[in-house]
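Throughout, my numbering is defined as the position within the sequence shown, counted from one, plus 145.
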Amino acid sequence: MRIDLTGRTAIVTGSSQGIGHAIATGLARSGARVVLTGRGASSLDDAAGRLRGTVPDAGIVTVVGDLATEEGAAALADAVPDADILVNNLGIYGSRPPLEITDAEWRAYFDVNVLSAVRLTRRYLPGMMERGWGRVQNIASDSAVAIPAEMIQYGMSKTSLLAVSRGFAKAAAGTGVTVNSVIVGPTHTGGVEDFVYELVDRSLPWEEAQREFMRLHRPQSLLQRLIEPEEVANMVVYLSSPQASATTGGALRVDGGYVDAILP
Numbered sequence: 146m147r148i149d150l151t152g153r154t155a156i157v158t159g160s161s162q163g164i165g166h167a168i169a170t171g172l173a174r175s176g177a178r179v180v181l182t183g184r185g186a187s188s189l190d191d192a193a194g195r196l197r198g199t200v201p202d203a204g205i206v207t208v209v210g211d212l213a214t215e216e217g218a219a220a221l222a223d224a225v226p227d228a229d230i231l232v233n234n235l236g237i238y239g240s241r242p243p244l245e246i247t248d249a250e251w252r253a254y255f256d257v258n259v260l261s262a263v264r265l266t267r268r269y270l271p272g273m274m275e276r277g278w279g280r281v282q283n284i285a286s287d288s289a290v291a292i293p294a295e296m297i298q299y300g301m302s303k304t305s306l307l308a309v310s311r312g313f314a315k316a317a318a319g320t321g322v323t324v325n326s327v328i329v330g331p332t333h334t335g336g337v338e339d340f341v342y343e344l345v346d347r348s349l350p351w352e353e354a355q356r357e358f359m360r361l362h363r364p365q366s367l368l369q370r371l372i373e374p375e376e377v378a379n380m381v382v383y384l385s386s387p388q389a390s391a392t393t394g395g396a397l398r399v400d401g402g403y404v405d406a407i408l409p
């Protein structure tokens, strides 16, 4: 399948590293002009350099700001008034005993993981609808469905994203704009290798170590290895394409079969 996004502008939030950077790279490979966002200018410059090293002719814009705030969202909208593709990838996570989660933490998870996506969708969706074409994707998690006991604040935020995606898809009904969420399973991102080696034999080669980790600590995975960020990006690039025009209001899984259900 040849996906051509030439002439499209794609905003990817939280795109200086990890899944966000992989998504931006995949979109750039397909010809999109990509907008990288993050809170640090140096990390964004580094991310833009790495992307150009992979896709030399990529059109890249970097916008520094805290998208968990109204000011950050406004700054992005001022810098990039219109977009054809919006990928809300920005997110935070961490473990905490449920009864120790403070009001401030609940608010922080909602502000960063949910409200940032709502604000940007509210800003960019109307233009997409007027032009009759657009793609909005919210990066969710298996934790949206299989709520982890050690981080229910994170699970709550990702469940909320599923609802947000479905609701905005209804708002865009019949306009040629699609809105979806992508449910991501255990992924090989920064710091994960150290985490894995805290739980399995450090003498094991990485391929064996991650499979041992999955067998012991994530046995419900059917993939039985960690997902690579590029594999998540492949789904996002497809959903951003003209070929995905009949897919909207959905929750598409890139979870390696982690969630033990046929539907989300």
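For every residue, glycine included, the Cβ atom is placed at its ideal position computed from N, Cα and C.
Under 7 Å between C-beta atoms of residue i and residue j
i	j	result
threonine 158	leucine 244	no
leucine 172	valine 179	yes
tyrosine 403	aspartate 287	yes
valine 399	valine 309	no
alanine 222	threonine 207	no
alanine 186	leucine 196	no
glutamate 338	alanine 167	no
alanine 389	proline 409	no
leucine 368	glycine 401	yes
glycine 394	arginine 311	yes
arginine 370	arginine 347	no
serine 305	valine 345	no
leucine 307	alanine 289	yes
Backbone secondary structure at residue i - three-state DSSP
i	result
glycine 279	strand
arginine 153	coil
arginine 264	helix
glutamate 177	This sequence places alanine at residue 177; glutamate is not what is there. Note: alanine 177 maps to coil in three-state DSSP.
alanine 406	coil
glycine 336	coil
alanine 294	coil
alanine 391	coil
serine 286	strand
glycine 272	helix
Boundaries of the beta strand (DSSP E) in which residue i is found, first to last residue
i	result
valine 309	Taken as a continuous stretch (DSSP letters only), valine 309 belongs to no beta strand (DSSP E), being part of the alpha helix (DSSP H) at 297 to 316.
asparagine 233	230 to 233
asparagine 325	322 to 329
arginine 398	396 to 399
Residue i - containing alpha helix (DSSP H), residue span
i	result
leucine 172	163 to 174
serine 188	186 to 199
leucine 221	215 to 224
valine 206	Counting along the chain, valine 206 falls outside any alpha helix (DSSP H), though it belongs to the beta strand (DSSP E) covering 205 to 209.
aspartate 248	248 to 255
valine 345	Element bounds for valine 345: n/a, residue is neither H nor E.
tyrosine 238	Looking at the DSSP string, tyrosine 238 is not in any alpha helix (DSSP H), and its letter there is neither H nor E.
valine 422	Because the chain spans 146 through 409 in this model, residue 422 falls outside it and cannot be assessed.
arginine 356	351 to 362
Assigned exposure category for residue i - 16 Cβ within 10 Å defines buried
i	result
arginine 267	exposed
alanine 213	buried
arginine 153	buried
threonine 199	exposed
phenylalanine 340	exposed
serine 386	buried
isoleucine 407	exposed
proline 201	exposed
threonine 151	exposed
methionine 273	buried
methionine 146	exposed
lysine 315	exposed
threonine 247	exposed
Contact test: residue i Cβ vs the ligand NAD heavy atom, cutoff 6 Å
i	result
leucine 344	Ligands in the displayed structure: none, and consequently the ligand NAD is not present.
With contact counted as at least three CB pairs below 8 Å, one residue from each stretch, are the region 224 to 233 and the region 290 to 302 in contact?
With a cut-off of 8 Å on Cβ pairs, the region 224 to 233 is not in contact with the region 290 to 302, counting fewer than three such pairs.
Can we say the region 274 to 283 touches the region 313 to 330, given the rule of at least three CB pairs closer than 8 Å?
The region 274 to 283 makes contact with the region 313 to 330; the number of CB pairs closer than 8 Å reaches 3 or more.
Count the CB pairs spanning the region 204 to 220 and the region 257 to 277 that are closer than 8 Å, and state whether there are at least three.
In short, these stretches touch, since the Cβ pair count reaches three.
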